[in-house]
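Undergrad: Can you keep this structure in mind? I'll have questions shortly.
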Amino acid sequence: MAEVLLFHHALGLTEGVGAFADRLRRAGHTVHVPDLYEGRTFDDLEAGVGYAQEVGFDTIGARGEKAAEGLPGDIVYVGFSLGVVPAQKLAQTRPGAAGALLLSACVPETAFGPAWPEGVPVQVHGMDADPYFVDEGDLTAARELVAGAVDRELFLYPGTAHLFAEPGTPDYAPEAAALCAERVLGFLDGLKR
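So, in structure tokens, the structure goes:
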């Protein structure tokens, strides 16, 4: 089974993020879920992003890196939206990453190095009409990341929701979330150990 480091989105460490982590645990995976917001949660994305800006994205990123300290190198990094930034950075810069799962966001791979590391599989999941994912360049970055690689996949779901995979948010899309979870579990189960 895989060991996973899962980073929450701009709403903070919500019950929905916990439920997603629990689903992975029930499948037999070890899941670590650090609280990058130190106990704060928000009801809407604007407030959550505002908090991240106030604290500083560098500080949020440093908290993500600190969460990885002491964990094995061959871990899978998972991020929801804002949490994709530390997940993707660690997958690209911390030696030995087993894989990455990027939900509702993707940063250009050159943000953290010259290219995505060879042999590190990745899945990117997003909605095809999510204005955050499509209009802010994440979809373009995801397409560039997976282009021509056999161990990198992009999954698009129909809809405009941003946090589609998290129960408890207004964006939650049960059918897309179920398919996403199935693909995530398949990814984790298929990793070489």
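So the mapping is simple: the numbering used here equals the position in the sequence shown, first residue as 1, plus 67. Glycine residues also receive a C-beta, built at the ideal position from the N, C-alpha and C atoms.
1) Figure out for me which residue from 237, 135, 133 and 173 has the closest Cα to the Cα of residue 200.
2) Quick check on residue 196: does DSSP put it in helix, strand or coil?
3) Look at residue 191 and residue 157 and say whether their C-beta atoms are less than 8 Å apart.
4) Whose C-beta lies closer than 6 Å to the C-beta of residue 82 among residues of the same chain, with five residues either side of it excluded?
5) Starting from the Cα of residue 110, find the closest Cα among 78, 161 and 220 and give me that residue.
6) Report the rounded CA-to-CA distance for residue 76 versus residue 208, giving the unit in angstroms.
7) In the DSSP assignment, what are the bridge partners of residue 99?
8) In angstroms, rounded to a whole number, what distance separates the CA positions of residue 73 and residue 117?
9) For residue 124, count neighbouring Cβ atoms within 10 angstroms of its own Cβ and tell me buried if that reaches 16, exposed if not.
10) Would you list the one or two residues that DSSP bridges to residue 108?
11) Any idea what DSSP makes of residue 182, helix, strand or coil?
12) For residue 120, count neighbouring C-beta atoms within 10 Å of its own C-beta (all shown protein chains included) and say buried if the count is 16 or more, exposed if not.
13) Between which two residues does the beta strand (DSSP E) carrying residue 255 extend?
14) Excluding the five sequence neighbours on either side, which residues of its own chain have a C-beta within less than 7 Å of the C-beta of residue 128, listed in chain order?
TA: Reading it off the structure:
1) Against the sequence shown, residue 200 aligns to sequence position 133. Closest by alpha carbon: 173.
2) Along the sequence shown, read from residue 1 onward, the residue named residue 196 stands at position 129. Three-state result, residue 196: coil.
3) Indexing the sequence shown from 1 puts residue 191 at position 124. Indexing the sequence shown from 1 puts residue 157 at position 90. Their beta carbons are not under 8 Å apart, which means residue 191 does not touch residue 157 by this criterion.
4) In the sequence shown, residue 82 corresponds to position 15, counting from 1. If we look at residue 82 and ignore the five residues flanking it on each side, its Cβ neighbours are 235.
5) Counting from 1 along the sequence shown, the entry for residue 110 is found at position 43. If we check each option's Cα against that of residue 110, 78 comes out closest.
6) The count along the sequence shown starts at 1 and reaches residue 76 at position 9. The count along the sequence shown starts at 1 and reaches residue 208 at position 141. Roughly 19 Å between the two C-alpha positions.
7) Locating residue 99 in the sequence shown gives position 32, where the first residue counts as 1. Per DSSP, 72.
8) Residue 73 sits at position 6 when you count from the first residue of the sequence shown. Residue 117 sits at position 50 when you count from the first residue of the sequence shown. Those two C-alpha atoms are separated by around 21 Å.
9) Residue 124 sits at position 57 when you count from the first residue of the sequence shown. Exposed, by the Cβ-count rule.
10) Numbered from 1 along the sequence shown, position 41 holds the residue referred to as residue 108. Answer is 79.
11) Translated into the one-based positions of the sequence shown, residue 182 becomes position 115. Looking at residue 182 - three-state DSSP - the assignment turns out to be coil, as it is neither helix nor strand.
12) Taking the sequence shown and counting its residues from 1, one reaches residue 120 at position 53. Residue 120 comes out exposed.
13) Start at 1 with the first residue of the sequence shown, and residue 255 comes out as number 188. Element bounds for residue 255: not the beta strand (DSSP E) but the alpha helix (DSSP H), 241-257.
14) Stepping through the sequence shown from its first residue, residue 128 is reached at position 61. So the qualifying residues of the chain are 152, 153 and 156.
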